[in-house]
Amino acid sequence: MAQNAAPDLEKRLADLDKATKAAQMAGDNAWMLTSSALVLMMTGPGLALFYSGLVRRKNVLGTMMHSFILMATTTVLWAVIGYSIAFAEGTPFFGDLRYLFLHGVGAAPNLDYGPTIPHQTYMIYQLMFAIITPALISGAFAERMKFSAMLLFMTLWSLIVYFPMAHMVWGKGGFFNASLGGRIPAFDFAGGTVVHITSGVSALVCALYLGKRLGYPNEGMRPHNLVLSVVGACLLWVGWFGFNAGSAVNAGSLASSAFVATHFGAAAATLGWMFAEWIHSGKPSVLGAISGCVAGLVAITPASGFVQPFPAIVIGAAAGVVCFLMVTSVKKLFGYDDSLDAFGVHGIGGTLGALLTGVFATKEVNDVFSGKPMGWIDGNPGQVLNQAAAVAMSWVLAIVGTLVILWICDAVVGLRVQEQDEIQGLDLSMHGEEGYNFES
Amino acid sequence: MKRIEAIIQPHKLEDVKEALKAIGVDGMTITEVRGHGRQKGHKEVYRGMEYQVDLLPKVKIEMVIADARKEEVIRTLATAARTGKIGDGKIFVYDVADAIRIRNDDRGDAAL
Numbered sequence: 024m025a026q027n028a029a030p031d032l033e034k035r036l037a038d039l040d041k042a043t044k045a046a047q048m049a050g051d052n053a054w055m056l057t058s059s060a061l062v063l064m065m066t067g068p069g070l071a072l073f074y075s076g077l078v079r080r081k082n083v084l085g086t087m088m089h090s091f092i093l094m095a096t097t098t099v100l101w102a103v104i105g106y107s108i109a110f111a112e113g114t115p116f117f118g119d120l121r122y123l124f125l126h127g128v129g130a131a132p133n134l135d136y137g138p139t140i141p142h143q144t145y146m147i148y149q150l151m152f153a154i155i156t157p158a159l160i161s162g163a164f165a166e167r168m169k170f171s172a173m174l175l176f177m178t179l180w181s182l183i184v185y186f187p188m189a190h191m192v193w194g195k196g197g198f199f200n201a202s203l204g205g206r207i208p209a210f211d212f213a214g215g216t217v218v219h220i221t222s223g224v225s226a227l228v229c230a231l232y233l234g235k236r237l238g239y240p241n242e243g244m245r246p247h248n249l250v251l252s253v254v255g256a257c258l259l260w261v262g263w264f265g266f267n268a269g270s271a272v273n274a275g276s277l278a279s280s281a282f283v284a285t286h287f288g289a290a291a292a293t294l295g296w297m298f299a300e301w302i303h304s305g306k307p308s309v310l311g312a313i314s315g316c317v318a319g320l321v322a323i324t325p326a327s328g329f330v331q332p333f334p335a336i337v338i339g340a341a342a343g344v345v346c347f348l349m350v351t352s353v354k355k356l357f358g359y360d361d362s363l364d365a366f367g368v369h370g371i372g373g374t375l376g377a378l379l380t381g382v383f384a385t386k387e388v389n390d391v392f393s394g395k396p397m398g399w400i401d402g403n404p405g406q407v408l409n410q411a412a413a414v415a416m417s418w419v420l421a422i423v424g425t426l427v428i429l430w431i432c433d434a435v436v437g438l439r440v441q442e443q444d445e446i447q448g449l450d451l452s453m454h455g456e457e458g459y460n461f462e463s
Numbered sequence: 233m234k235r236i237e238a239i240i241q242p243h244k245l246e247d248v249k250e251a252l253k254a255i256g257v258d259g260m261t262i263t264e265v266r267g268h269g270r271q272k273g274h275k276e277v278y279r280g281m282e283y284q285v286d287l288l289p290k291v292k293i294e295m296v297i298a299d300a301r302k303e304e305v306i307r308t309l310a311t312a313a314r315t316g317k318i319g320d321g322k323i324f325v326y327d328v329a330d331a332i333r334i335r336n337d338d339r340g341d342a343a344l
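From first to last, the protein sequence lines stand for chains A and B. For the first sequence, this note's numbering gives the first residue as 24, with consecutive numbering after it. For the second sequence, this note's numbering gives the first residue as 233, with consecutive numbering after it.
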């Protein structure tokens, strides 16, 4: 009897272990697939609506197309080589080619990135980030860039700027990776440096290189439909839960913490921008409120998995006020035409968020350093310097990479549309369509 | 025959339509237009960029009436559209050479 019981017990324990793991995988995978879909929703329709409402009506389709087409081009690029450059182990700066054509990326989990979800889920989740990041830049060259040049620019930009930067911060052995053996561990939970600084700073370079839109700033360039932008901003707010809480790569308490921080940051930034504008210009505009919301979501992104709810409110409120001053006063001072304020919101919001993450990160939320203090308030003021190093690297890579890419695109296809095409609008001149046909 | 062209405040359109209907004017054409007379426009601010908006939304009413009804129609229209403030609009009166009903070739007053 006793001889039979032992192997039976062992088998039952093994079965139980297997069942528990399967249950956890099912739960985590459900959340990560949901998050993947939420992050895609941020690009289309979220960002497509947000941006297209801000342009003139003759460019509404062209602007939507900037976001939409990236959902296709980045996907193919990712499958062929992008995922491998970003997430395969390799040098500290880019990955090797082991995942070329998604070779070996299947149902078995990647134990470094997501031990409880299929590797394929992790891959598709990260793809959604690679899609939205270049789409954010398109706000800077709206209403004046050739479609062919935009496609070439975005492809090269993903290859030269985004994939390497994602590798440095999130890839195994990446230079700044805080949990997987980076040389200068910097905290970036969901992409303050990788997504928002790279895209925002590249946007500024694009705006300066391309020059102003014809007639800017003397001619009226009022947003043609802020209703679209409000709907877009609301979709961004909701989608951002997938962006930040999904970055926990499981459905546990860290996801909850990031979800809460994200929401609090967005709310505080909305109020920050609104009151700053109210005091400064006399009226609380709707465009101001939704811009503040996006600025807060940007700033809380790197911090979301490391900070408690009240620091999240502080980060959000700071982002709302700082980004407001940036797009109103500072932009006017320098006179560049960042059409939809991709730099003022993403570049500045991302930089502020990344630095404040070094201040407020705490082991109470996410014990990355195994019990050692994390941010300044935890007793590790030096972390702010690490954050600054990652910020500096993102700025430099974005500036140099974008300049080189713009120069190549200008030489190969030419960046800017003809003057008469710009006057006619990109919808007709680039795509042969109009957004609003009232006669039909 | 006279053509009456009135530019009025959009929110007065319903009052004007009711008043004209009450005196038996059935036909009119309405267009949404933008314009200004002595009325000043307003300022709009988008992310710190200020825009002076001079052309304001108005409604244009056009109708053709028999000569005999001119004063009655003008009086009714003006009373119904009036708020007493700058921006109430204007009425213009033109002579009309002829009118033709496309359905059955009625001419002149009979076509109205």
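We put the beta carbon where it would ideally sit given N, CA and C, even for glycine. Computed from a prediction, not measured in an experiment: that's the story for all the values here.
Exposed unless 16 or more other CB atoms sit within 10 angstroms - verdict on residue i
i: Phe461 (chain A); result: exposed
i: Glu166 (chain A); result: buried
i: Arg279 (chain B); result: buried
i: Asn273 (chain A); result: buried
i: Trp263 (chain A); result: buried
i: Met24 (chain A); result: Caution is warranted here: a pLDDT of 49 is assigned to Met24 (chain A), below 50, making its placement in the model unreliable, and no coordinate value can be reported.
i: Glu442 (chain A); result: exposed
i: Gly437 (chain A); result: exposed
i: Pro68 (chain A); result: buried
i: Asn336 (chain B); result: exposed
i: Trp260 (chain A); result: buried
i: Arg206 (chain A); result: exposed
i: Ala158 (chain A); result: buried
Range covered by the beta strand (DSSP E) that runs through residue i
i: Ala411 (chain A); result: From DSSP, Ala411 (chain A) is part of no beta strand (DSSP E) but of the alpha helix (DSSP H) over 406-435.
i: Met295 (chain B); result: 288-297
i: Ile240 (chain B); result: 234-240
i: Gly321 (chain B); result: 321-327
i: Glu282 (chain B); result: 281-285
Where the alpha helix (DSSP H) through residue i begins and ends
i: Arg270 (chain B); result: Run containing Arg270 (chain B): none; DSSP gives neither H nor E here.
i: Gly2 (chain A); result: Absent from the structure is residue 2 (chain A), since the part of chain A shown begins at 24 and ends at 463.
i: Glu303 (chain B); result: 302-313
i: Ile302 (chain A); result: 276-304
i: Gly311 (chain A); result: 309-323
i: Phe186 (chain A); result: 186-193
i: Glu246 (chain B); result: 245-254
Inter-residue spacing [alpha-carbon to alpha-carbon] between residue i and residue j
i: Asn409 (chain A); j: Gly196 (chain A); result: 16 Å
i: Thr57 (chain A); j: Asp31 (chain A); result: 39 Å
i: Phe170 (chain A); j: Met416 (chain A); result: 29 Å
i: Ala238 (chain B); j: Met260 (chain B); result: 11 Å
i: Ile400 (chain A); j: Leu100 (chain A); result: 41 Å
i: Val277 (chain B); j: Tyr283 (chain B); result: 6 Å
i: Gly448 (chain A); j: Pro242 (chain B); result: 30 Å
i: Asp247 (chain B); j: Ala312 (chain B); result: 6 Å
i: Met55 (chain A); j: Gly265 (chain A); result: 8 Å
i: Leu175 (chain A); j: Gly215 (chain A); result: 25 Å
i: Gly255 (chain A); j: Ile255 (chain B); result: 49 Å
i: Thr293 (chain A); j: Ala298 (chain B); result: 60 Å
i: Lys317 (chain B); j: Glu264 (chain B); result: 20 Å
i: Leu182 (chain A); j: Gly105 (chain A); result: 7 Å
i: Thr97 (chain A); j: Ser90 (chain A); result: 11 Å
i: Ala42 (chain A); j: Met94 (chain A); result: 37 Å
i: His268 (chain B); j: Ile323 (chain B); result: 14 Å
i: Ala251 (chain B); j: Ile240 (chain B); result: 14 Å
i: Tyr122 (chain A); j: Val184 (chain A); result: 19 Å
i: Asp364 (chain A); j: Ile236 (chain B); result: 49 Å
i: Asn267 (chain A); j: Ala340 (chain A); result: 18 Å
Chain-order list of residues whose beta-carbon lies under 6 Å from that of residue i (same chain, five-residue window excluded)
i: Lys235 (chain A); result: Asp360
Close beta carbons around residue i, own chain, < 8 Å, minus the five adjacent residues each side
i: Val224 (chain A); result: Phe366, Gly370, Ser417, Trp418, Ala421, Ile422, Thr425
i: Asn200 (chain A); result: Met191, Val192, Trp193, Gly194, Pro208
i: Ile140 (chain A); result: Met48, Asp51, Asn52, Met55, Pro132, Val272, Asn273
i: Gly273 (chain B); result: Gln284, Val285, Asp286, Leu287, Leu288
i: Leu179 (chain A); result: Ile428, Ile431, Cys432
Nonlocal neighbours in the same chain, by C-beta distance under 7 Å from residue i, ignoring five residues either side
i: Ser452 (chain A); result: Val440, Asp444
i: Phe152 (chain A); result: Val62, Gly214, Val218
i: Glu456 (chain A); result: Leu84, Asp450
Under 7 Å from the C-beta of residue i: neighbouring residues of chain E
i: Tyr278 (chain B); result: The question asks about chain E, but that chain is absent: this structure's protein chains are A and B.
With three or more C-beta pairs closer than 8 Å as the rule, is the region 384-397 of chain A touching the region 143-162 of chain A? Contact fails between the region 143-162 of chain A and the region 384-397 of chain A, because fewer than three Cβ pairs, one in each stretch, are under 8 Å apart.
May I ask you to verify whether the region 379-388 of chain A touches the region 239-246 of chain A, counting CB pairs closer than 8 Å and requiring at least 3? Taking 8 Å as the limit for Cβ pairs, the verdict is that the region 239-246 of chain A does not touch the region 379-388 of chain A.
Please determine if the region 286-298 of chain A and the region 319-339 of chain A are in contact, where contact requires at least 3 C-beta pairs separated by less than 8 Å. Touching, yes.
If we count Cβ pairs, one from each stretch, closer than 8 Å, do we get three or more for the region 106-113 of chain A versus the region 191-205 of chain A? The way I'd put it, the region 106-113 of chain A does touch the region 191-205 of chain A; three or more beta-carbon pairs between them come closer than 8 Å.
Measuring CB atoms only, is the region 210-225 of chain A touching the region 322-330 of chain A, in the sense that at least three cross pairs come out at less than 8 Å? Below 8 Å, enough C-beta pairs join the region 210-225 of chain A and the region 322-330 of chain A to call them touching: three or more.
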